[in-house]
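Chemist:
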Amino acid sequence: MAYNIKLMVKVAKLYFNNKLPQLEIARKLKISKYQVTRLLKMAEKMRIVKIIISDPTLNVTSLEERLEEGFNLKRAIVVENKGLSVDEIRSKIGVEAARYLLEIIKDDDIIGISWGGTVNEVVNNLPSEINRKVKIIQIIGASHQLSIKLSAHDLAKRFASKFNVEPLLLFAPAVVINKKTRDLFLEDVSIKKVFDYFNKINLAIFGVGTLRSEPFLESEYLSKDDIESLKESKTVGDVIGNHYDIDGNPSDTTLKSRTIAISLEQLKEIPYTIAVAGGEEKAEAILGALRGKYINILVTDSKAAEKILQIDKK
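For the working numbering, count along the sequence shown from 1 and bump the result up by 25.
#1: Does the distance from the C-beta atom of residue 211 to that of residue 204 stay below 8 Å?
#2: When you compare each of 149, 269 and 136 to residue 227 by their alpha carbons, which one comes out closest?
#3: Note down, in chain order, each residue of its chain lying with its Cβ closer than 7 Å to the Cβ of residue 224, except the 5 sequence neighbours on either side.
#4: Report the rounded CA-to-CA distance for residue 185 versus residue 191, giving the unit in angstroms.
#5: My parser needs the beta strand (DSSP E) runs of 3 or more residues fully inside the segment 125 to 156; what are they?
#6: Who are the Cβ neighbours of residue 93 in its own chain at under 6 Å, not counting the five residues just before and after it?
#7: Pick helix, strand or coil for residue 162, following the three-state DSSP scheme.
#8: What do you get for residue 41, buried or exposed, if any count of 16 or more other CB atoms within 10 angstroms of its CB means buried?
#9: Determine the closest residue to residue 258 out of 265, 264 and 272, with distance taken between C-alpha atoms.
#10: How long is the line joining the alpha carbons of residue 46 and residue 53, rounded to whole angstroms?
#11: Pull up the CB-CB distance for residue 266 and residue 284, whole angstroms please, since I reckon it's below 8 Å.
#12: State the Cα-Cα distance for the pair residue 305 and residue 105, rounded to the nearest angstrom.
#13: What is the rounded straight-line gap between the Cα of residue 297 and the Cα of residue 98?
#14: With a threshold of 7 Å on Cβ separation, who are the neighbours of residue 91 within its own chain once the five nearest residues in sequence on each side are excluded?
#15: Quick check on the DSSP output: what are the complete beta strand (DSSP E) runs of length 3 or more inside the segment 292 to 330, in order along the chain?
#16: For the segment 114 to 134 against the segment 302 to 318, do three or more pairs of beta-carbon atoms, one drawn from each stretch, fall closer than 8 Å, so that the two count as touching?
#17: Can you check whether the CB of residue 270 is closer than 8 Å to the CB of residue 313?
#18: Where does residue 263 fall in DSSP's three states?
#19: So, helix, strand or coil for residue 72, using DSSP?
#20: Could you check whether residue 201 and residue 207 sit closer than 8 Å to each other, using their CB atoms as the reference points?
#21: Can you tell me where the beta strand (DSSP E) with residue 229 in it begins and where it stops?
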């Protein structure tokens with residue numbers, strides 16, 4: 026028995042550590058290949074050899090499950106973030122979100138699209154030709170502060186080109202000076218047509234902005250009073266130009282009556298609301314949107330996910 030165990034260990038080391046083929050081990054030890062195979066099986070059975078499979082997706086899978094259960098999401102997709110830059114996070118989220126979109130988009134879908142860097146990465150990672158008959162709707166007006174490739178107009182156009190269709194564009198600024206000006210814009214036939222489609226959208230894709238970095242805070246449309254008002258109302262973020270606090274309650278400012286975009290109420294009625302956002306700095310903003318039920322599908326990174334779950338426990 027002692028001899029067999031010694032032989033078993035020797036065979037196991039040659040096979041697992043030295044990576045020698047079984048036939049070569051047999052020749053080296055002057056035994057048959059059958060004996061080598063049998064000794065290896067016995068080594069596993071007697072736990073001389075223990076095979077441990079390390080699953081690199083275990084952490085993100087756990088985070089996905091916790092997000093789905095904690096916020097009643099249809100789907101959470103978490104990408105691993107081990108010291109990634111902001112651009113790298115956006116890129117990885119864009120790849121996964123594009124892959125998911127291809128799984129769920131079907132003929133006759135009416136898809137709303139917003140603006141921003143992460144949404145841009147999603148569009149960039151879609152194939153150039155997608156064989157689906159869909160309608161693409163721009164769901165927020167324009168911001169002169171965004172680069173052309175990140176603007177709602179350009180993203181809607183490039184997104185629609187993937188399906189070889191023309192998008193329904195919203196020819197209006199995202200924020201205007203007062204409610205009266207907004208009302209005048211909404212009287213325009215072309216703008217009214219876009220707004221009528223807001224209630225027909227069955228899938229929307231958008232980013233999540235933070236109070237510190239979102240385009241609105243740097244926009245020429247916002248006064249210092251607007252910014253102070255957002256801070257006083259404890260705003261943590263926005264989705265599609267709609268601001269809210271950490272619990273998802275809409276921010277009590279005049280911006281709501283001056284913003285030309287789909288509303289939070291309309292967003293909550295859409296079957297698939299896909300938020301693409303990452304980075305620890307956006308955790309509070311994402312959490313507020315989750316609590317407000319503005320998101321039912323989230324694509325984010327592991328550090329943001331961990332931070333969201335940590336804050337939610339408090």
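Positions of the beta carbon are idealized from the N, C-alpha and C atoms, including for glycine. All values reported here derive from a predicted model rather than from experimental measurement.
Modeler: Once the coordinates are examined:
#1: no
#2: 136
#3: 291
#4: 6 Å
#5: 135 to 138
#6: 101
#7: strand
#8: Exposed is the call here.
#9: 272
#10: 11 Å
#11: 5 Å
#12: 13 Å
#13: Approximately 10 Å between the Cα atoms of the pair.
#14: Once the five neighbours on either side are set aside, the close Cβ partners of residue 91 are 334.
#15: 297 to 301 and 322 to 326
#16: yes
#17: yes
#18: strand
#19: coil
#20: Cβ distance < 8 Å, so residue 207 and residue 201 count as in contact.
#21: 228 to 231
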